[in-house]
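Residue numbers (our numbering), protein chains in the order written: chain Y, 7 to 600; chain L, 6 to 356. Built from N, CA and C at the ideal position, the CB exists for glycine as well. Report on the following structure.
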Amino acid sequence: MAPKTQPAGDGSGLVEMAWDPITRIVGSLGIHTKIDFKQKRVAECYSTSSVFRGYSVFMRGKDPRDAHFITSRICGICGDNHATCSVYAQNMAYGVKPPPLGDWIINLGESAEYMFDHNIFQENLVGVDYCEKMVRETNPGVLELAERTPAPHAGEHGYKTIADIMRSLNPIEGEFYREALQVSRYTREMFCLMEGRHVHPSTLYPGGVGTIGSVQLFTDYMTRLMRYVEFMKRVVPLHDDLFDFFYEALPGYEEVGRRRVLLGCWGALNDPEHCDYTYANMTDWGRKMFVTPGVVVDGKLVTTDLTEINLGIRILLGSSYYDDWQGQEQFVTHDPLGNPVDPRHPWNQHTIPAPQKRNFDDKYSWVMSPRWFDGKDHLALDTGGGPIARLWATALAGLVDVGYVQATGHSVVINLPRTMTKPETRFEWKIPKWSNALERNRARTYFQAYSAAIALHCAEKGLAEVRAGRTQTWEKFEVPDEAVGVGFTEAVRGVLSHHMVIRDGKIANYHPYPPTPWNASTRDTYGTPGPYEDAVQNTPIFEENTPENFKGIDIMRAVRSFDPCLPCGVHMYVGGGKTVKTMHVPTGLSGLGG
Amino acid sequence: MVQETPAPAEDPPIHILWINAGLSCDGDSVSLTAAMQPSIEEIVTGALPGLPKIAVHWPLIDFECGPVGGADTFIEWFFKGERGEIDPFVLVVEGSIPNEKIKPEGYWCGFGDNPETGQPITTSEWIDRLAPKALAVVAIGTCATYGGIHAMEGNPTGAMGLPDYLGWDWTSKAGIPIVCVPGCPIQPDNFSETLTYLLYQAAGSAPMIPLDDKLRPTWLFGQTVHEGCDRAGYYEQGQFAKTYDSPKCLVKLGCWGPVVKCNVPKRGWMAGIGGCPNVGGICIACTMPGFPDKFMPFMDEPPGAKLSSKASGAYGAVVRRLRSVTGHTVDQEPKWRHTGEKLTTGYRPPW
């Protein structure tokens, strides 16, 4: 049963608060809330983004082969996901299938991206919300309990108490915080081995890659991968201990950032033995991906069919700074299989920016409202930051079975081989009871192990190609005069689609939909709030501070659990118009220098 | 060993105010976390001798997360900078600067809110407020330096680089020109090294940072990609890749390396690993003021390359033949390396 959103009432006793820009995320996002300190809950939340760049506008008329180079620049932490997705869409439009080694190399690059990105976000960005310094300043009682609580998996990760784990996450000073920064570097080295450079790849092309497939390439990757596998044998139990403790220390914490289970996953990491990049066979090869595509509603897997997923995508407006394109030219009336395509589908979207003042009762964001139409409702799907949706869909579908990873229908089993100092290890991610902040974070750690395990499989397959002498990594193609293409993948933060229309050999329409527009979307034409708005509105407040010293840590944990990819802002006035002005002594990166 | 102290201990720290809310992707912020020469944690903790004490206000990894006007507000540092309460500070700008004057209302990009109106404060307004008070202004990434991808032909925002906005001959109150570190994203160590240089300069231990006419650090951007590319040998021998997975020179497949100022092939992307044309990725000239428009379509051969590769193709064939003759010779060992009763090295044994 989904929790219900309460109206803000007449506004008496509510405090307006704004966080802008929200730190320790990527990009520009704003959250505007009304908080009920009497009931200790967030009554209302608005998500707003304050940056517009206009990719879909300036890409029109350009050479389609430029698309992956350009769209990579959409995001500075997952740009390679865009480049990959664009290359997938181009492969479809040009009718080219890369040599198998080319696909294995992309899979290894993208796996390294997951390993890098989730690690740096989990330990160096979101981890700070759970570090000793933060807990001391927001819930001193919880820290006291953490000091007295032995960590159940101390034997695996080496930290005696929960407070020791928290201390290790303190910015810069924490030992584990610093180690994670180093891990974020060698995982990026792995990425660069396969895709040239981070975050905007240099060696990705439609038709394959420019990477030279050699024994050395795989040796250099594998040695780093095995270090990461060993690292994850410590990190999974470490985070299990930390997150389990919060349930125990703060009964009811499962409600923080909780929303109805409405998860989308567009699938990731193609199997070259099945994937031919044709639209006609997309349903079949989509199900062979190493992360299964799917839509999960209230715990049920609605579909694993990429064609159905594609046709269900709708872009709604309502609260964003754009003019509607209703009645404008439709680029694609039917998909290549003859199915009708909706005018509100990305293939038919026109982006018409209409800059205006921000008004929370009307238009208040540069983000649109992507929804998934199931034939009845326009569902505000979220990705939960990516991992929770990926694991949930993959677990239920039960299709992935590569030894290192097995989907069981109710869980995902990850088998990590022996490493230098640790034995074979088996992790099982079980479908959680809730779609909430802690479970999004827990899933992130498990998905790091998942990525490492899939990378082992892809590395073995890729090396087998090299040893057999099949070292071609790129295939020639021609750009057609008229074509459509779609790419589906999972960016780090979740669903990613690129829809392209080619006319006269040039880009006629191009609309990328990354995960954050889904998660950070605004109230749509039907008044349905976006996922952050919805999840924050259901968030109870556990922080021990008074309104004057209030940090909003529970709200920040709710928002950051989605791994936002834009700057975030929320306004603060104390009821009655009095503005709070208390400032704390700065911490974190300030004042640590010698 | 007495260590030279950069400045008296009671000196205030140098603050770094980082605005990532230009038209950006945060890729330069993220890239900086990959730097190892030096790393961010080494800069922040003053792990190099003589570095001044600093306080960084960087959205990507800042501890502070309090609400506006309340406890631990990140944005408050920027208001302090404007009010002159933190001095000195270095302003780092990430992302292109849109033109906010071309529309009747609203904003292309904002950073924090105006407490009077509740509307976002535009990024260009922040630059107007803070640049005159800054010790130095640093543009990180090709967007902030020259406009970059978001300033592409057909863009709706009128985006430009920081020198276009402030003026190319603008100097800070300390007489320092805008420091431009281009790259899409920046090569991690290129930026951390430039930042470190500026901190040494602020501490009085380094002279004025040497910049070229496009405001780039000369020691990083003085050479072309091609001059540092390990595939240049193939170019000289007239051997050009016909497919993207070939180990040969990529100039006929879209590489602009011969005319682009960038050190990536020479320096590697990180820890000497990765890069662009040296590892099979055509140079799309992402560090240049003319990027991207003057280099598109990226996968077409640069017009200038047609002529020079013809020339290199002609003499390169001769060079290659001569080298293969020599190569065959040097692939053989000298004849005195053998078994048997007889020494033939030229040494006369006294026994």
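With respect to the 7 angstroms criterion, Y/Ala157 and Y/Tyr165 are classified as neighbours on the basis of their beta carbons. Within 10 angstroms of the beta-carbon of Y/Lys44 lie fewer than 16 other beta-carbons, which makes it exposed. Y/Lys512 is bridged by DSSP to Y/Arg509. In this structure, DSSP gives Y/Gly500 an extended state, which the three-state scheme calls strand.
Among the residues facing chain Y, L/Gly89 is not included, as its CB has no counterpart in that chain under 7 angstroms away. Contact check between the region 363-377 of chain Y and the region 514-530 of chain Y: three or more CB pairs, one atom from each, fall below 8 angstroms, which counts as touching. Annotation: the continuous beta strand (DSSP E) that includes Y/Gly36 extends over Gly36 to Asp42. In the three-state reduction of the DSSP assignment, Y/Tyr519 falls in the strand class, which pools E and B. Taking C-beta atoms as the reference points, Y/Gly214 and Y/Val472 fail to come closer than 7 angstroms. In the structure shown, Y/Asp348 adopts coil according to DSSP, grouped into three states. Listed by position along chain L, the residues whose Cβ is nearer than 7 angstroms to that of Y/Gly115 form an empty set, because the closest Cβ is around 11 angstroms away.
In chain order, Met301, Pro302 and Phe303 make up the part of chain L whose C-beta sits under 7 angstroms from the C-beta of Y/Asp72. Under the 10 Å beta carbon count, Y/Thr545 is surrounded by 16 or more other beta carbons and is classified as buried. Comparing C-alpha distances from Y/Gly305 to each of Y/Asn345, Y/Trp272, Y/Val262 and Y/Ile394 shows the shortest one belongs to Y/Ile394.
Counting C-beta pairs closer than 8 angstroms gives three or more between the region 177-194 of chain Y and the region 120-128 of chain Y, which meets the contact rule. With distances taken between CA atoms, L/Asn195 lies nearest to L/Pro43 out of L/Trp23, L/Ile21, L/Leu348 and L/Pro43. By a beta-carbon distance limit of 8 angstroms, Y/Asp560 contacts Y/Val262. Their separation comes to about 5 angstroms. In the structure shown, the three-state DSSP call for L/Arg88 is helix. Of all alpha-carbon atoms in L/His155, L/Thr199 and L/Pro193, the one lying nearest the alpha-carbon of Y/Val205 is that of L/Pro193. When Cβ pairs closer than 8 angstroms are counted between the two stretches, the region 119-129 of chain L is seen not to touch the region 60-80 of chain Y, the count staying below three. Under the 8 angstroms Cβ criterion, the region 19-30 of chain L counts as touching the region 147-158 of chain L, having at least three qualifying pairs. In terms of Cα proximity to Y/Val542, the closest of Y/Gly33, Y/Glu22, Y/Tyr52 and Y/Ile31 is Y/Tyr52.
The three-state reading of DSSP puts L/Pro212 in coil, since its state is none of H, G, I, E or B.
Of the other Cβ atoms in all chains shown, 16 or more fall within 10 Å of the Cβ of Y/Asp135; this residue is therefore buried.
The DSSP-derived three-state label of Y/Ala274 is strand.
Y/Ala160 carries a helical assignment under DSSP once its states are collapsed to helix, strand and coil. Distance from the CA of Y/Val148 to the CA of Y/Glu138, rounded to the nearest whole angstrom, comes to 10 angstroms.
Burial of Y/Val48 is indicated by the presence of at least 16 other C-beta atoms within 10 angstroms of its C-beta. Y/Leu387 places its beta carbon 7 angstroms or farther from that of Y/Thr298. In the three-state reduction of the DSSP assignment, L/Pro222 falls in the strand class, which pools E and B. In the three-state scheme derived from DSSP, where H, G and I count as helix and E and B as strand, Y/Leu402 is classed as helix. Taking all protein chains shown into account, Y/Ser174 has 16 or more neighbouring C-beta atoms within 10 Å of its C-beta and is therefore buried. Ranking Y/Asp348, Y/Ser325 and Y/His159 by CA distance to the CA of Y/Gly333 puts Y/Asp348 first. Scanning its chain for C-beta atoms nearer than 6 angstroms, with the 5 sequence neighbours on each side dropped, one finds around Y/Arg446 the residues Gly390, Gly391, Ile394 and Ser567, in chain order. The beta carbon of L/Asp298 sits closer than 8 angstroms to those of Met157 and Glu158, all from its chain and outside the five residues before and after it, given in chain order.
Put simply, the CB of L/Gly188 is far from chain Y, with every gap to its CB atoms at 7 angstroms or more.
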